[in-house]
Amino acid sequence: MSTDGWKCKKKDSVNAICANVDYKSHLLELVEVTSLNKDGTSQCELFEDMIDRTEKKFGCKIRYFTTDADGGSKKGRINLGKKRYWLILPSCWAHQFQLILGDYFKVNDMAAAIAEDATGLIAWLNNHGKVRKIFDASQKIISMQNLGRYIILAYLIANLTRWTTHNVAFARLFFLKEPLQLAVYTRRKDIIEAQVGAAVSTEGERLRVDAEKYCALIKDEVFWHGLETVLGDLEPICLGTNINQKDSTRPDQVLLTIAGIFLHFSDHPEPEVKSLMLVRLEKRWKDCDQPVFLAALILNPFEMMTCFGPNANLNQIKCLNMVVLLYRRVMSRPDNTDTAADRKVKEGQVSKAFVQYLSGSGDFRDFNAKEWEEIHESTDPVMVWEALAGSSHITELAQFAIIILQIVANQAGCERTFSRTKIEQSDHRVRLGLDKIEKRTKIRAEIRAEHIDKGLYKPRKPRKNHKSTATLLSVPRYRDLLGDQDYGDPTERGRALVSSVNGEETEEDSEDEETPLLPNRPTAWKSLTLQVLFGGAEPRKRKPEPRAMAEEEILMEELANAAEDEILDDGAVEIDSDDEYRA
Numbered sequence: 005m006s007t008d009g010w011k012c013k014k015k016d017s018v019n020a021i022c023a024n025v026d027y028k029s030h031l032l033e034l035v036e037v038t039s040l041n042k043d044g045t046s047q048c049e050l051f052e053d054m055i056d057r058t059e060k061k062f063g064c065k066i067r068y069f070t071t072d073a074d075g076g077s078k079k080g081r082i083n084l085g086k087k088r089y090w091l092i093l094p095s096c097w098a099h100q101f102q103l104i105l106g107d108y109f110k111v112n113d114m115a116a117a118i119a120e121d122a123t124g125l126i127a128w129l130n131n132h133g134k135v136r137k138i139f140d141a142s143q144k145i146i147s148m149q150n151l152g153r154y155i156i157l158a159y160l161i162a163n164l165t166r167w168t169t170h171n172v173a174f175a176r177l178f179f180l181k182e183p184l185q186l187a188v189y190t191r192r193k194d195i196i197e198a199q200v201g202a203a204v205s206t207e208g209e210r211l212r213v214d215a216e217k218y219c220a221l222i223k224d225e226v227f228w229h230g231l232e233t234v235l236g237d238l239e240p241i242c243l244g245t246n247i248n249q250k251d252s253t254r255p256d257q258v259l260l261t262i263a264g265i266f267l268h269f270s271d272h273p274e275p276e277v278k279s280l281m282l283v284r285l286e287k288r289w290k291d292c293d294q295p296v297f298l299a300a301l302i303l304n305p306f307e308m309m310t311c312f313g314p315n316a317n318l319n320q321i322k323c324l325n326m327v328v329l330l331y332r333r334v335m336s337r338p339d340n341t342d343t344a345a346d347r348k349v350k351e352g353q354v355s356k357a358f359v360q361y362l363s364g365s366g367d368f369r370d371f372n373a374k375e376w377e378e379i380h381e382s383t384d385p386v387m388v389w390e391a392l393a394g395s396s397h398i399t400e401l402a403q404f405a406i407i408i409l410q411i412v413a414n415q416a417g418c419e420r421t422f423s424r425t426k427i428e429q430s431d432h433r434v435r436l437g438l439d440k441i442e443k444r445t446k447i448r449a450e451i452r453a454e455h456i457d458k459g460l461y462k463p464r465k466p467r468k469n470h471k472s473t474a475t476l477l478s479v480p481r482y483r484d485l486l487g488d489q490d491y492g493d494p495t496e497r498g499r500a501l502v503s504s505v506n507g508e509e510t511e512e513d514s515e516d517e518e519t520p521l522l523p524n525r526p527t528a529w530k531s532l533t534l535q536v537l538f539g540g541a542e543p544r545k546r547k548p549e550p551r552a553m554a555e556e557e558i559l560m561e562e563l564a565n566a567a568e569d570e571i572l573d574d575g576a577v578e579i580d581s582d583d584e585y586r587a
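Residue numbers for the sequence shown follow this note's numbering, so the first one is 5 and each next one is one higher.
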């Protein structure tokens with residue numbers, strides 16, 4: 005379940021409440037909250053009311069609750085976690101990655117200056133029609149030479165409320181470097197005359213200086229080299245934002261995305277940018293519910309512990325302790341009718357099954373990730389756990405793993421709801437009431453889903469905005485770096501995945517053999533840094549120059565012709581807090 009707020013055409017503050025079921029977001033309710041306070045206490049009460057109303061109306065159990073990380077929402081989640089400790093309360097990681105983009109420009113003065121120059125150049129090209137036509141003519145010449153046909157591309161403008169458009173706009177500008185420079189070298193005088201026009205005196209001089217400034221910028225190779233460098237850093241952040249805007253993004257994918265950006269900046273050639281970005285990434289990671297994301301990654305049968313670095317030291321006991329504490333927390337809902345004895349038995353079952361899972365023994369002995377992927381053409385971990393849930397020995401662990409892996413730590417469903425409500429409450433229907441807007445939005449979504457099921461609606465194909473998503477945010481599998489391990493032997497697999505001080509061995513005896521259950525005294529989780537978890541990778545080769553993007557560019561060109569409201573997102577304000585998710 006997630007919630008987010010926006011201002012409608014009537015300038016009222018509206019909260020959307022959405023629920024994610026089987027990785028599909030559904031609008032539950034639109035709530036007008038203009039008169040409510042935005043402090044932590046008031047937000048907590050609002051969140052409690054949302055959860056109680058939803059559980060009562062739909063007869064469901066809310067397992068997690070996602071908001072952005074602005075001051076009131078974050079403090080409200082902290083208070084909610086103290087009252088209802090069984091809830092998982094993640095921040096929206098789509099917002100977090102956009103804030104990481106802001107961090108990048110804050111710590112990198114060179115990148116901020118390059119971005120400002122690029123934005124100014126794009127605005128200059130779009131604001132002067134005669135000048136733009138000269139550059140368009142150069143595009144015709146270049147495209148005819150290279151492709152044998154005329155192609156004139158627009159000069160895209162970044163939109164503050166569309167988070168990935170800065171990268172797309174700068175990539176388009178870099179792609180058009182050759183025709184821009186051709187026009188400046190061959191028609192510089194015409195460009196200046198087109199800019200000045202009939203203006204004279206002070207205004208004419210100002211326009212002349214402005215035109216000469218941008219002509220010099222286009223000729224400046226230092227600017228283009230800097231823009232290329234900035235794009236190399238923006239693209240992984242853009243990819244991270246795209247990944248975390250999906251309704252099907254799991255917590256393990258969020259963690260691997262964070263780790264990918266961490267490793268990217270760990271290899272950054274600028275020491276100051278590297279150190280400052282790593283500090284900010286560590287801060288955001290420290291501020292989230294770490295056991296949830298770590299448990300999700302470990303409980304992914306296709307990843308397990310292979311992505312953690314050699315210094316992580318996540319041995320069997322540490323992982324077991326973390327998973328048992330998280331299981332105990334999730335299952336401590338007040339409506340859980342299990343007795344203390346029943347809960348102890350189930351925790352023992354989870355403990356035993358988890359040890360077998362890590363070592364690849366017992367009911368997990370026959371599972372082969374590569375064979376599963378080849379047969380089912382899928383690496384969905386939920387599908388694996390649903391198949392394994394039929395075994396009575398691991399039912400509890402399987403159900404718990406499904407709960408954790410189905411957490412969606414973003415508010416993308418709410419954001420799309422706001423886009424749809426803009427259609428329903430347009431300038432021509434500004435007096436339309438909130439109840440009618442909610443009904444019309446739900447009906448429109450139902451009709452669309454029905455048309456998709458019947459094949460009447462052609463779903464949009466996945467965008468290909470990035471040249472290599474497989475390597476852009478890649479996190480190495482350290483298992484693959486161990487050349488002396490024989491993975492045909494399950495005993496070797498067990499030792500590679502489960503590292504401990506004494507070098508524990510894999511069980512190969514029958515499932516009747518005694519398996520250690522719980523640690524004697526489970527302790528609270530201690531925060532681990534990204535450097536500890538994922539550090540130790542070989543330096544990676546920096547990416548080549550970015551290519552132009554297709555789908556997002558087309559969409560931006562269409563949007564450029566329509567006036568859009570640029571309402572700042574509430575998630576852009578944060579507060580510091582050391583007590584969030586304290587065990």
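C-beta atoms are modelled at their ideal positions from N, C-alpha and C, and glycine is treated no differently.
Values in this document were obtained by computation on a predicted structure and should not be read as measured data.
task: Could you have a look at TYR154 and say whether DSSP puts it in helix, strand or coil?
output: coil
field: Backbone CA spacing between GLN143 and GLU182 [nearest angstrom]
entry: 8 Å
- prompt: Can you tell me the Cα-Cα spacing of GLY539 and ALA173, whole angstroms?
  reply: 33 Å
task: Go ahead and pull the three-state DSSP assignment for ILE82.
output: helix
query: What first and last residue would you give for the beta strand (DSSP E) that runs through SER46?
result: First-last for SER46: 44-62, but that is the alpha helix (DSSP H), not the beta strand (DSSP E).
field: Assigned exposure category for THR165 - 16 Cβ within 10 Å defines buried
entry: exposed
- request: Scan the region 109-188 and note each continuous alpha helix (DSSP H) run of 4 residues or more that stays entirely inside, going in chain order.
  value: 113-131, 133-151, 169-179
field: Buried versus exposed call for SER382 [16 or more other C-beta atoms within 10 Å across all chains shown]
entry: exposed
- request: Closer than 8 Å by C-beta to PRO463: which residues in its own chain qualify, once you throw out the five before and the five after it? Chain order, please.
  value: ILE456
Close beta carbons around LEU298, own chain, < 6 Å, minus the five adjacent residues each side: none
message: So, at 8 Å on beta carbons, what are the nonlocal neighbours of SER46 in its own chain, with the 5 sequence-adjacent residues on each side left out?
response: LEU40, GLY76, GLY80
message: One question on the structure: do PHE51 and THR71 come within less than 9 Å of each other, judged by their Cβ atoms?
response: yes
field: Three-way DSSP call (helix, strand, coil) for LEU282 in this model
entry: helix
task: Along the alpha helix (DSSP H) that carries LYS440, what are the first and last residues, could you check?
output: 438-457
- prompt: Using CA coordinates, which residue listed in ALA162, TYR189, GLY133 is at the minimum distance from VAL200?
  reply: GLY133
query: Relative to the C-alpha of VAL328, which residue among HIS432, SER252, PRO295 is closest?
result: PRO295
field: Three-way DSSP call (helix, strand, coil) for CYS216 in this model
entry: According to the sequence provided, residue 216 is Glu. The question's Cys does not apply to it. In this structure, GLU216 counts as helix in the three-state DSSP scheme.
Reduced DSSP secondary structure (H/G/I, E/B, other) of CYS22: strand
- request: Tell me, please, whether the region 286-295 touches the region 92-104 by the rule of three or more beta-carbon pairs shorter than 8 Å.
  value: yes
Residues sharing a beta bridge with LEU31, DSSP: CYS22
query: Whose C-beta lies closer than 6 Å to the C-beta of HIS272 among residues of the same chain, with five residues either side of it excluded?
result: LYS278
- request: Count the CB pairs spanning the region 366-381 and the region 331-338 that are closer than 8 Å, and state whether there are at least three.
  value: no
query: In the DSSP assignment, what are the bridge partners of TRP10?
result: VAL18
message: Between which residues of its own chain and TYR108 is the CB-CB distance below 7 Å, once the five residues before and five after are set aside?
response: ALA115, ASP237, ILE241, MET281
message: Is the beta carbon of MET5 closer than 9 Å to that of ALA23?
response: yes
query: Is there a Cβ from chain C that is less than 9 Å from the Cβ of ASN171?
result: No chain C is present in this structure, which holds just one protein chain.
task: Between the Cα of LEU186 and those of GLY394, ILE145, GLU197, spot the shortest distance and give me the residue it belongs to.
output: ILE145
- request: List in chain order: all unbroken alpha helix (DSSP H) runs of 4+ residues lying wholly within the region 215-277.
  value: 225-247, 255-270
query: Is ILE66 helix, strand or coil when you go by DSSP?
result: coil
task: May I ask which residues mark the beginning and end of the alpha helix (DSSP H) holding GLN415?
output: Careful: GLN415 lies outside any alpha helix (DSSP H) and carries neither H nor E.
query: Tell me which same chain residues have a C-beta within less than 8 Å of the C-beta of VAL135, skipping the five on either side of it?
result: TRP128, LEU129, ILE195, ALA198, GLN199, ALA215
task: Starting from GLU36, follow its DSSP beta bridges and name the residues at the other end.
output: VAL18
query: How many Å lie between ARG88 and LEU235 at the Cα?
result: 43 Å
task: For the region 242-253 and the region 399-418, state whether three or more C-beta atom pairs, one from each stretch, are separated by less than 8 Å.
output: yes
- prompt: With distances taken between CB atoms, is the gap from SER355 to LEU324 smaller than 9 Å?
  reply: yes
- prompt: Do ALA373 and CYS311 come within 9 Å of each other at the CB atom, strictly closer than that value?
  reply: no
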